[in-house]
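Notes follow the structure.
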Amino acid sequence: MKLRPVAAILLRQWYLIRGSPVRILPMFVWAAIDIVLWGFITRYLNSVSGAGINFTTVLLGAVLMWDLFGRVMQGVTTAFLEDVWSRNFLNLFASPLTLAEYVSGLVITSLASSVIGLTVMLALAIPVFGLSFLALGAHLLAFLAVLFGFGVALGVLASAMVLRFGPASEWLVWPIPALLSPFCGVFYPLSVLPAWMRAVAYALPPSYVFEGMRQLVLGGPFATGPLVWAAALAVAHILLASYCFVAVFRYAVRSGLLARYSAETVS
Amino acid sequence: MRLSARECECTPRPAWRQPELKSHSDRRQGAEQLLSVRAGGGLGDNSLPVHTVQSRDRAPDLALSVRDLCKTYTQVVAVDHVSFDVGHGEIVGLLGPNGAGKTTIINTVLDVLRPTSGSIRIGHLDIRTQRSRALARTNFAAVYASLPGNLTVVQNLRFFGLLYGVRALGKRIEALLRQFSLERLRDTKCGVLSSGELTRVALAKSIVNHPELLLLDEPTASLDPAAAREIRAGIRAQVRASHSGVLWTSHNMYEVEEVCDRVLFLSHGQILLEGDPRTLPRQHGVRNLEELFIRLAREPLAHREGHHA
């Protein structure tokens, strides 16, 4: 893998973001709205609840982490969609660019934009609502890494879906995080889910992250085994998503879909 | 050894006279006969010497070598056993009616479309096994592959220059801006450029990496005659200077005659005829290339219903 083509993908995204307020604002605005909304909800819950639970870390922390995951996923997908919207596939893939270089460029773009969003969220949540991640300690980095990995996997998978089913299928991509959130136990323990939903949850790395977060915040015993398993699952999801992307790309090249992408189908 | 553009122009072209094309098998036989000529077999005492850059023995000197290329969709044969070469410093016109398979061939050479069978070599590099290295020596411009309209001219050139691994990119971009008279538009977004300006930017992008092989799919289709002439002259000068090979598709026969060293007539995915665009019409008893085009384009139509589903 060469660095220059990866730098080219990053540079293109930088040009697009730099010159467009409609691309810059969502990085800050939605993050800020989420934190403000959930910050006040948790403040209210803290005032009326006598359970002795600090909802700020349990709920607001969970919102922040889930938001980060969604941002990573949509960061990859949006960077990919920029090439869909500008009908740039022929120019891109008729160049020496490899798939690994292309996807790496998308992932690094997503990482950069997610870090910006995370910074804004933390800048609001910590001073305004008193969010503290101290209880999570060094585990926080592991939680972030797992969520980032799964976000990348879903972003790559969603891009493969758009490549396979055409530009209109982007509308199937946006609700994916909302679709997964009931299974991942973002706001409640997995034990409240019915058995079939728990079975799905165990295949999703974020489930382990949010379970672990709750255990740490509520002062319960924390086992590192599930977190290691979550990391392994995230890696497996990345590999699986990459396999899907490569398979779809090869299909697109073989069938002529890539050359006639705007037609959405070659049949 | 590489042939210069001057040598290419002076070297006699193969004067293969296509027999009356009555059926698919006739056309296929004709194509095979042509290949045998190009492979050095000859058509008899009357056949002219084979163009040196087309010889299979000189494969390392070729900018592009396509062998037995086929592309079949479920019920349609888009490209049917096509073989041809493009030499360094040579401009080869790929002509044919709409749907003949020209763009399919270009897409397979660019590896954005996988052929059903056959081989493609850019220089000495196989596109399947050495894709990145082969495509680093190639570039293209096509009316249907416009550059991202939300980037400026300079941003597009920088982006593609990086993708193609161009050294001293800043200097290269400045030279291209001068060459294509784009200095005034350097910070203008491509989406607001006129067709002619867009074509100039696309052509600048297409040579940003000094390609050994340049694929141009109707590069002047959206230009007025004066701009088209200017662009043609520019490309011709570029080819002479850089010694790159060019595969050029166009429906403008005047343009083809002016620019191309050699033409390939394609119909229903097969090469029907090959030769010098300036002498072919006379050899076939028609007044000009356009008449020859129309005649060849009509020939297979009667046959089509019987062959293609």
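Protein chains in written order, with the working numbering: chain A, 2 to 268; chain X, 40 to 348. Using N, Cα and C, we set each Cβ at its ideal position, and we do this for glycine too.
{"Asked": "In chain order, what residues of the segment 321-342 of chain X put their CB closer than 8 Å to some CB of chain A?", "Found": "none"}
{"Asked": "Which residue comes first and which comes last in the alpha helix (DSSP H) that contains F81(A)?", "Found": "62-86"}
{"Asked": "Give the C-beta separation of A243(X) and L202(X) to the nearest angstrom, bearing in mind that I take them to be a contact with Cβ-Cβ under 8 Å.", "Found": "Rounded, the Cβ-Cβ distance is 14 Å, inconsistent with contact."}
{"Asked": "Excluding the 5 residues preceding and the 5 following L100(A) in the sequence, name in chain order all residues of the same chain whose CB lies nearer than 8 Å to its CB.", "Found": "F246, V247, F250"}
{"Asked": "Start and end of the beta strand (DSSP E) containing I274(X)?", "Found": "Careful: I274(X) lies outside any beta strand (DSSP E), inside the alpha helix (DSSP H) at 264-281."}
{"Asked": "In chain X, which residues lie less than 7 Å from L91(A) when you measure between Cβ atoms?", "Found": "V151, A184"}
{"Asked": "Establish whether the CB of V187(A) and some CB of chain X are separated by less than 8 Å.", "Found": "no"}
{"Asked": "Kindly list, in the order they appear in chain A, the residues whose Cβ is closer than 7 Å to that of P187(X).", "Found": "S87, N89"}
{"Asked": "Would you mind giving the Cβ-Cβ distance between D256(X) and I145(X), rounded to the nearest angstrom? I have them listed as a contact below 8 Å.", "Found": "5 Å"}
{"Asked": "Just by C-beta distance, which residues in the segment 168-179 of chain X are closer than 7 Å to chain A?", "Found": "S171, L174, A175, F179"}
{"Asked": "Does the contact criterion of 3 or more C-beta pairs under 8 Å hold for the segment 64-74 of chain A versus the segment 129-140 of chain X?", "Found": "no"}
{"Asked": "As an exercise, report each continuous alpha helix (DSSP H) stretch of at least 4 residues that is fully enclosed by the segment 7-49 of chain A, in chain order.", "Found": "22-49"}
{"Asked": "Taking Cβ-Cβ distances below 7 Å as the criterion, which residues of the segment 272-291 of chain X are in contact with chain A?", "Found": "none"}
{"Asked": "Name, going along the chain, the residues of the segment 93-104 of chain A whose beta-carbon falls closer than 8 Å to a beta-carbon of chain X.", "Found": "L93, F94, A95, S96, P97, L98, T99"}
{"Asked": "For F304(X), which of E338(X), V278(X), K228(X), L186(X) has the nearest alpha-carbon?", "Found": "E338(X)"}
{"Asked": "Would you give the residue range spanned by the beta strand (DSSP E) that F179(X) belongs to?", "Found": "177-181"}
{"Asked": "Can you check DSSP and say which residues form a bridge with R160(X)?", "Found": "S104(X), D165(X)"}
{"Asked": "Tell me, please, which residues DSSP counts as bridged to T111(X).", "Found": "V116(X)"}
{"Asked": "For a minimum of 4 consecutive residues, which ranges assigned as the alpha helix (DSSP H) are wholly contained in the segment 187-218 of chain A?", "Found": "196-202, 206-218"}
{"Asked": "CA-CA distance, L252(X) and L173(A)?", "Found": "40 Å"}
{"Asked": "Using the rule of at least 16 other Cβ atoms within 10 Å of the residue's Cβ for burial, across every protein chain shown, is E71(X) buried or exposed?", "Found": "Residue placement at E71(X) is poorly supported in this model, since its pLDDT is 35, which falls under 50; the coordinates still yield a value, given next. Flag for E71(X) reads exposed."}
{"Asked": "For chain C, is any of its Cβ atoms less than 8 Å away from the one on G204(X)?", "Found": "Going by chain labels, chain C is absent from the structure shown, which instead holds the protein chains A and X."}
{"Asked": "Are the segment 86-96 of chain A and the segment 140-155 of chain X in contact at 8 Å, needing three or more beta carbon pairs?", "Found": "yes"}
{"Asked": "I'd like the list of long-range same chain contacts for G83(X), defined as Cβ closer than 8 Å, with 5 residues on each side in sequence excluded.", "Found": "At G83(X) the pLDDT is 31, less than 50, meaning the model places this residue with poor confidence; the figure from the coordinates comes in the next sentence. Excluding sequence neighbours, G83(X) sits near nothing in its chain."}
{"Asked": "Given 8 Å as the limit, is there contact between the segment 111-128 of chain A and the segment 22-29 of chain A, that is, 3 or more CB pairs closer than that?", "Found": "yes"}
{"Asked": "If you reduce the DSSP assignment to three classes, tell me which class G135(X) lands in.", "Found": "coil"}
{"Asked": "Rounded to whole angstroms, what is the Cα-Cα separation between W175(A) and L82(A)?", "Found": "12 Å"}
{"Asked": "For R255(A), decide whether its Cβ has a neighbour in chain X, counting only Cβ atoms nearer than 8 Å.", "Found": "yes"}
{"Asked": "Once the 5 residues before and after V187(A) are set aside, which same chain residues still bring their CB inside 6 Å of it?", "Found": "A63, W67, F211"}
{"Asked": "Using a Cβ-Cβ cutoff of less than 7 Å, which residues in the same chain neighbour S182(A) once the five nearest sequence positions on both sides are dropped?", "Found": "W67"}
{"Asked": "Could you spell out the range, first to last residue, of the beta strand (DSSP E) harbouring E222(X)?", "Found": "Careful: E222(X) lies outside any beta strand (DSSP E) and carries neither H nor E."}
{"Asked": "By DSSP, does G284(X) sit in helix, in strand, or in coil?", "Found": "strand"}
{"Asked": "Considering only C-alpha positions, which residue in the set A232(A), F41(A), L155(A), K3(A) is nearest to F144(A)?", "Found": "A232(A)"}
{"Asked": "Apart from the five residues just before and just after S158(X), which ones in its own chain have a Cβ nearer than 6 Å to its Cβ?", "Found": "R106"}
{"Asked": "Just the chain A side, please: which residues come within less than 7 Å of N137(X) by C-beta, in chain order?", "Found": "None at all; the shortest Cβ gap to chain A is about 15 Å."}
{"Asked": "In angstroms, rounded to a whole number, what distance separates the CA positions of V295(X) and S289(X)?", "Found": "7 Å"}
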